[in-house]
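Heads up: the structure comes next, in structure tokens.
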Amino acid sequence: MPTIIRDVNVQDVGDIGRIYGHYVLNGLSSFELSPPDEGEIRSRMERIKERGHPFLAAETDGVISGYAYASTYRQRAAYDYTLENSVYVSPNYLRQGIGVRLLSDLFQVCDQLGIRQLIAVIGDSDNHASINLHARCGFKQVGLLPSTGYKHDRWVDTVLMQRWIGEGDSEPPH
């Protein structure tokens, strides 16, 4: 069965929590130290959707194989046309193009919303999978913040990547 990309719903909370929890416990892409419970995942999902921002799920054979969302980058009004993206793919579905599909659909929704750019804040400068995924999808690395987090007994860098959406900065927002 092919993978479909769709809006998340409340039934997806458990699968999203399991995917995210894996990366919290085993990786450096998230700077959280312990996985949030399902109630917290649900609350975060609802906050993103209440703001009108996209939160997408990839579903493969009836299982959530990944998810992506765009959320507030900064609280000040001048940032309203810039969102921060996150994308996570289940370890069981890596290297199958799911991350690319999620980001591609996220770009389309953001363009329809009038968003002009996405910022990827990537934990760990050695996170080549995420950096390469974002680069393949048109992001450019615009910054490196050394040793901004401490996790798994070591200092971890933050990589900043940016991608224009729609008209980017060629025209004022409408």
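Sequence positions in the sequence shown follow this note's numbering and run 260 to 433.
Every residue gets a Cβ at the ideal spot worked out from N, C-alpha and C, and that includes glycine.
Beta-carbon proximity check, residue i vs residue j, cutoff 8 Å
i	j	result
V359	G382	no
Q400	V418	yes
S345	A327	yes
D274	V348	no
R354	W423	no
Y352	S324	yes
R265	L315	yes
T341	T262	no
H312	A336	no
P432	G356	no
Backbone secondary structure at residue i - three-state DSSP
i	result
S363	helix
N386	coil
Q270	helix
E430	coil
L284	helix
P405	strand
Y279	helix
Y328	strand
Q301	According to the sequence provided, residue 301 is Arg. The question's Gln does not apply to it. Helix.
I307	helix
Beta-ladder partner(s) of residue i, from DSSP
i	result
K410	R413
N391	DSSP output for N391 lists no bridge partner at all.
F314	Y328
E343	S330, I378
Residues near residue i in its chain [Cβ-Cβ closer than 8 Å; skip 5 each side]
i	result
N386	G286, L287, S288, V418
Contact set for residue i: own chain, Cβ-Cβ below 7 Å, skip 5 residues either direction
i	result
R310	T331
L284	P294
Q270	none
G280	P294
G427	R375, Q376
P350	H281
Cut-off 6 Å between Cβ atoms - residues of its own chain near residue i, not counting five sequence neighbours on either side
i	result
M420	A379, H393, F398, Q400
V272	E297, I300, R301
Given 8 Å as the limit, is there contact between the region 361 to 370 and the region 295 to 303, that is, 3 or more CB pairs closer than that? no
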